[in-house]
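**Q**
Residue numbers (the working numbering), protein chains in the order written: chain A, 503 to 1000; chain B, 88 to 602.
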């Protein structure tokens, strides 16, 4: 009773601190210090940073220690003159890095880049994203359950495994933020958080496009987001809205196509090679015969588990003519699909490999501390990582579980969608298509990753899967707590409105 | 050339003991001149000296500081790669002038003192196309910008080769010359007759003449090449009684696969066809100095795995720069008595020290057959251990072409059996030795057969340790699976019931309406 009183409308705190604001504040406090106070925390370079650094005029300063893997490097140099580096990868990440560099030049230095500016550029929109996400989950309530949901959002998304990314040149923070915005936008429309719908529709399309163009591997996500966007079509028809939707959906599709087309030949070779050595050759006792049947010389079985860019030594470099001519030219993605269709057992074993470490969102391969902090090389940060640790340890490690989960979620949300459809409402349909869209990510991203790049860099390829699952779990819990799982239609006067 | 013949008895032709003292050479160059492929020439020069049993310390003039050239060096070599830069380090010029040992100058920028020691008059030749002739062999040289040659030589000077202009009325000049302990070459080119004559000069200047027949070597072999073509080439050479070697990379992982058994089977066929095998070191990817131990393991495992399948390498082959790197050398070359030093592609160092060492046995300098094809009447013997290489063919037509090239060369090839080659590799507690055609493993003679050796014992791997909570997580996974399956079933039942209920309600309402 007392607790309920605490959250009564008259309570000063409740009046002035909405659940969304609470989530936002807590996230700022929890993550702010670890990102900005010296010694900062982040993720060390695994060798991929150059893609985002060089084309944006950021370079490594000479340091007395190795700048890869072990320690986070807090300061970089800024190129002063003409930047001769071509854009290595087409990515919306450039927007974030360029903004950070601009702010750094404006407020800090024209020669030295402080990584915290980049973290800042991610952090502010992230807090907004948390705000909108929480609001969309609890609206229109402001009661004990709403605050509980807000705390859950903090527990999940202020987890350091996510925020550590901000102090790095990885592209993932952009994806995370865009995803939260896209999700929050749809849920805001479902819950009628705003009087006008066009701002959230715009937010949805913009964040989706940023997300898709953020990384080449995100190109196929355009299809998932078209499923989500289809929900918007059920909104009452208005002339300008129809136009906005048509333009938005075309833009999402186009961004997927453009992102896919921008993958250069070298990256294609890398992926194609690793799809073979880390896919076709794995999870089978002896692939020699099997590949021979597929028209590839059996000797290439010896390349099992080899990377395109060998970490240390390799008998033959994959970029050599003999490999390109005798291996890479001999197969394509159609070949891979055919191969897996004929070796379903191997494919399902590979999917289980993908499912195994799915929920481990913390990048274990690189250190989280700076050299000056005195930490061990590669030391992992453990503060506020309970959610990711628990999920990493206890989430079932079978792909079939993901399928089952998808069926259950889709089944549950289909009920309300059906009811709304019958009743001529659109909210539950939109929510259902959101769930359906996210579940296609959960199911198809592992499949595409395995076919497209084998089990190489799986954790990074699957990044969108745990994010989607976390959002879906939050949605399920918030819907269950607010009794909106089976219907989105609130009984009149039932709410404790904000 | 007659002088060479007269003087030969004074320089005994004996197998050079590589470990003898007084085999230190300092090589000082002006610049690498990367735009002009000069790093390749430096590499060839280094490998040539290694094949002669000389330890070389290579120094760029920018890194030379006063007093480095001490009496511990038997010889000093000055190499000018970029005449526009030339020799500018006065400390070196000064130290060199006082140096008492053997001196070789390659290229432009001779000091007066050096010309004086050669006791001849320098002369510059501009913009000429010359023909290099030596002991009946000849080769047309590419157009040369500026060359310094010597005229009016004293009778005591040893001449090596002859540079003749294309017009018969023009005088000829010696290509290389030795006067006392001073040698001179107007240029250094890492291929063709120029190199062959330069090797001749250096072997004489450093008293390292080891007349030997060239070793025919097939390079670029790997498990991923067309093994049928390799087998065909081996069979062809055996049929024509041409002894040969192959330089092959191998794998250290995945050796349990059928593909590895098939690969080693072809290598055994090569051994039975009188071919000897040099195991080539792996390619360097993202390795750093910290990976030296790993490299050591990779080389050990590769060798032991090959030996398990009766493939006994007689030596190791590596790009030349592996001998300029402390860690690469000690993790690979040092294990073997026989080295085959290949030309560099893109050097990736772990710990460059530029102090090449010599093998305890033989070290072959490789020279591609293509690069000597334009030499008229190739000499049949070289003055230091040299391997003539042919690349592994990738097509049938290439194989035919290679076979044609080999048969066309009127060479008497090095035969490890008749030359009584003796060598060994010590690795990971295993001693792989070769003695005049006999393979010896850990002191026991081994016979090579084509059947795959029974390796059941070696193949067994230690069972993986069971993680502590593996059982728990497995059970947990199953429970959750069952739970969600039940939820799904219950859900479907509810949907079914709900639907019935809904329809029923609708029907009864309808009924009421009728009433």
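Glycine included, each C-beta is placed from N, C-alpha and C at the ideal position.
Reducing DSSP to helix, strand and coil, say where residue 675 of chain A ends up.
**A** For the purposes of this step, residue 675 of chain A is taken as the residue at position 173 of the first chain. Looking at residue 675 of chain A - three-state DSSP - the assignment turns out to be helix.
**Q** Taking the C-alpha atoms as reference points, what is the distance between residue 708 of chain A and residue 900 of chain A?
**A** Position 206 of the first chain, counted from the first residue, corresponds to residue 708 of chain A. Position 398 of the first chain, counted from the first residue, corresponds to residue 900 of chain A. If I take the Cα positions, the gap works out to 34 Å.
**Q** Rounded to a whole number of angstroms, what is the C-alpha to C-alpha distance between residue 587 of chain B and residue 926 of chain A?
**A** What you label residue 587 of chain B is simply residue 500 of the second chain in a count that begins at 1. What you label residue 926 of chain A is simply residue 424 of the first chain in a count that begins at 1. Taking the straight line joining both Cα atoms gives about 21 Å.
**Q** Exposed or buried, residue 422 of chain B, counting other C-beta atoms within 10 Å across all chains shown (16 or more means buried)?
**A** For the purposes of this step, residue 422 of chain B is identified with residue 335 of the second chain, where counting begins at 1. When all chains shown are included, residue 422 of chain B counts as buried.
**Q** Please report the residue range of the alpha helix (DSSP H) in which residue 387 of chain B lies.
**A** By one-based count along the second chain, residue 387 of chain B stands at place 300. 379 to 395 is the extent of the alpha helix (DSSP H) around residue 387 of chain B.
**Q** Buried or exposed for residue 514 of chain A, please, with buried defined as at least 16 other CB atoms from any protein chain shown within 10 angstroms of its CB.
**A** Position 12 of the first chain holds residue 514 of chain A. That one is exposed.
**Q** In the stretch 888 to 921 of chain A, which residues sit with their C-beta less than 8 Å from some C-beta in chain B, listed in chain order?
**A** Taking 8 Å as the Cβ-Cβ cut-off against chain B, the residues of the stretch 888 to 921 of chain A that qualify are 895, 896, 898, 899, 900, 902, 903, 906, 907, 909, 910, 913, 914, 917.
**Q** Quick one: what's got a C-beta closer than 7 Å to residue 603 of chain B's C-beta in the same chain, skipping five residues either side?
**A** Since the first residue shown for chain B is 88 and the last is 602, residue 603 of chain B is missing from the structure and cannot be characterised.
**Q** Report the rounded CA-to-CA distance for residue 922 of chain A versus residue 691 of chain A, giving the unit in angstroms.
**A** Within the first chain, residue 922 of chain A is the residue found at index 420, counting from 1. Within the first chain, residue 691 of chain A is the residue found at index 189, counting from 1. Computed Cα separation, rounded: 15 Å.
**Q** Counting only beta-carbon separations shorter than 9 Å, does residue 829 of chain A have a partner in chain B?
**A** For the purposes of this step, residue 829 of chain A is taken as residue 327 along the first chain, with counting starting at 1. So yes, residue 829 of chain A belongs to the interface.
**Q** In the DSSP assignment, find the unbroken beta strand (DSSP E) run with residue 509 of chain B in it and report its ends.
**A** For the purposes of this step, residue 509 of chain B is identified with residue 422 of the second chain, where counting begins at 1. Segment 509 to 514, the beta strand (DSSP E) holding residue 509 of chain B.
**Q** Taking the beta carbon of residue 474 of chain B as the centre, do at least 16 other beta carbons fall within 10 Å, making it buried, or is it exposed?
**A** Taking the second chain and counting its residues from 1, the one referred to as residue 474 of chain B is at position 387. Buried.
**Q** Against chain A, with Cβ distances strictly below 9 Å, would residue 546 of chain B count as a contact?
**A** Here residue 546 of chain B refers to the residue found at position 459 of the second chain. Below a pLDDT of 50, predicted positions are generally treated as unreliable, and residue 546 of chain B, at 43, falls in that range; no measurement from the model is reported.
**Q** Where do the ends of the alpha helix (DSSP H) carrying residue 837 of chain A lie?
**A** The residue labelled residue 837 of chain A in the question sits at position 335 within the first chain. It spans 835 to 844 - the alpha helix (DSSP H) in which residue 837 of chain A sits, taken as one unbroken run.
**Q** Do you know whose CA, among A:666, A:742, A:861, A:939, lies nearest residue 891 of chain A's CA?
**A** Sequence index remark: in the first chain, residue 891 of chain A carries index 389 (1-based). Closest by alpha carbon: A:861.
**Q** Beta strand (DSSP E) containing residue 208 of chain B: first to last residue?
**A** For the purposes of this step, residue 208 of chain B is taken as residue 121 along the second chain, with counting starting at 1. Here the beta strand (DSSP E) through residue 208 of chain B covers 208 to 215.
**Q** Restricting to Cα atoms, I'd like to know which of A:595, A:673, A:706 is closest to residue 686 of chain A.
**A** Residue mapping note: residue 686 of chain A aligns to position 184 of the first chain, counting from 1. Checked all of A:595, A:673, A:706; the closest Cα to residue 686 of chain A is A:706.
**Q** Thinking C-alpha only, which one of A:980, A:560, A:667, A:754 is nearest residue 611 of chain A?
**A** For the purposes of this step, residue 611 of chain A is identified with residue 109 of the first chain, where counting begins at 1. The shortest C-alpha separation from residue 611 of chain A is found at A:560.
**Q** Please check the pair residue 587 of chain A and residue 557 of chain A, which I expect to be a contact at CB under 8 Å, by giving their CB distance rounded to whole angstroms.
**A** Indexing the first chain from 1 puts residue 587 of chain A at position 85. Indexing the first chain from 1 puts residue 557 of chain A at position 55. Between residue 557 of chain A and residue 587 of chain A the Cβ distance is about 5 Å, and since that is below 8 Å, they are a contact.
**Q** Identify, in the order they occur along the chain, each residue of the same chain with its Cβ nearer than 8 Å to the Cβ of residue 714 of chain A, setting aside the five sequence neighbours on each side.
**A** The residue given as residue 714 of chain A occupies position 212 in the first chain. Only 720, 721, 723, 724, 727, 754, 757, 758, 761 meet the Cβ criterion.
**Q** Work out the CA separation of residue 452 of chain B and residue 430 of chain B for me, nearest whole Å.
**A** Here residue 430 of chain B corresponds to residue number 343 of the second chain, with the count starting at 1. Here residue 452 of chain B corresponds to residue number 365 of the second chain, with the count starting at 1. Their backbone Cα atoms lie some 9 Å apart in a straight line.
**Q** Quick one: using the 10 Å Cβ neighbour count with 16 as the cut-off for buried, is residue 1004 of chain A buried or exposed?
**A** Nothing about residue 1004 of chain A can be reported from this structure: the residues present for chain A run from 503 to 1000 only.
**Q** Less than 7 Å between C-beta atoms, sequence neighbours within five positions excluded: which residues of the same chain meet that for residue 573 of chain B?
**A** Numbered from its first residue, the second chain carries residue 573 of chain B at position 486. Excluding positions up to five away in sequence, the list is empty.
**Q** Using a Cβ-Cβ cut-off of 9 Å, state whether residue 402 of chain B counts as contacting chain A.
**A** Mapped onto the second chain, residue 402 of chain B falls at position 315. Not one chain A Cβ lies under 9 Å of residue 402 of chain B.
**Q** Under 9 Å, Cβ to Cβ, is there at least one residue of chain A near residue 184 of chain B?
**A** The count along the second chain starts at 1 and reaches residue 184 of chain B at position 97. For residue 184 of chain B, the answer is no, since every Cβ of chain A falls outside 9 Å of its Cβ.
**Q** Could you work out which residues of chain A lie near residue 338 of chain B, taking near to mean beta carbons separated by less than 7 Å?
**A** The residue you call residue 338 of chain B lines up with position 251 of the second chain. Here the neighbours are 804, 817.
**Q** Does chain A have any CB closer than 9 Å to the CB of residue 582 of chain B?
**A** Your numbering for residue 582 of chain B matches position 495 in the second chain. For residue 582 of chain B, the answer is yes, since a Cβ of chain A falls inside 9 Å of its Cβ.
**Q** Please state whether DSSP places residue 295 of chain B in a helix, a strand or coil.
**A** Working through the second chain from its first residue, we reach residue 295 of chain B at position 208. In this structure, residue 295 of chain B counts as coil in the three-state DSSP scheme.
**Q** I'd like the list of long-range same chain contacts for residue 777 of chain A, defined as Cβ closer than 7 Å, with 5 residues on each side in sequence excluded.
**A** Position 275 of the first chain, counted from the first residue, corresponds to residue 777 of chain A. 838, 953, 954, 955, 956.
**Q** How about residue 673 of chain A and residue 717 of chain A: do their beta carbons lie closer than 9 Å?
**A** Here residue 673 of chain A refers to the residue found at position 171 when the first chain is read from its first residue. Here residue 717 of chain A refers to the residue found at position 215 when the first chain is read from its first residue. Against a cut-off of 9 Å, the Cβ pair of residue 717 of chain A and residue 673 of chain A comes out as a contact.
**Q** For the stretch 282 to 298 of chain B and the stretch 176 to 194 of chain B, state whether three or more C-beta atom pairs, one from each stretch, are separated by less than 8 Å.
**A** Segments in contact, yes.
**Q** Give me whichever residues DSSP pairs with residue 218 of chain B in a beta bridge.
**A** Against the second chain, residue 218 of chain B aligns to sequence position 131. B:227, B:251.
**Q** Would the beta-carbon of residue 278 of chain B fall within 9 Å of that of residue 248 of chain B?
**A** Working through the second chain from its first residue, we reach residue 278 of chain B at position 191. Working through the second chain from its first residue, we reach residue 248 of chain B at position 161. Contact flag unset, no.
**Q** Hey, residue 910 of chain A and residue 578 of chain B: beta-carbon distance below 9 Å or not?
**A** The count along the first chain starts at 1 and reaches residue 910 of chain A at position 408. The count along the second chain starts at 1 and reaches residue 578 of chain B at position 491. Result yes, Cβ atoms of residue 910 of chain A and residue 578 of chain B sit closer than 9 Å.
**Q** Short of 8 Å Cβ to Cβ, which residues in the stretch 773 to 803 of chain A face chain B?
**A** Flagged, chain order: 788, 789, 790, 791, 799, 800, 801, 802, 803.
**Q** Assuming residue 491 of chain B is part of the alpha helix (DSSP H), what are its boundary residues?
**A** Counting from 1 along the second chain, the entry for residue 491 of chain B is found at position 404. Looking at the DSSP string, the run of the alpha helix (DSSP H) that includes residue 491 of chain B is 483 to 495.
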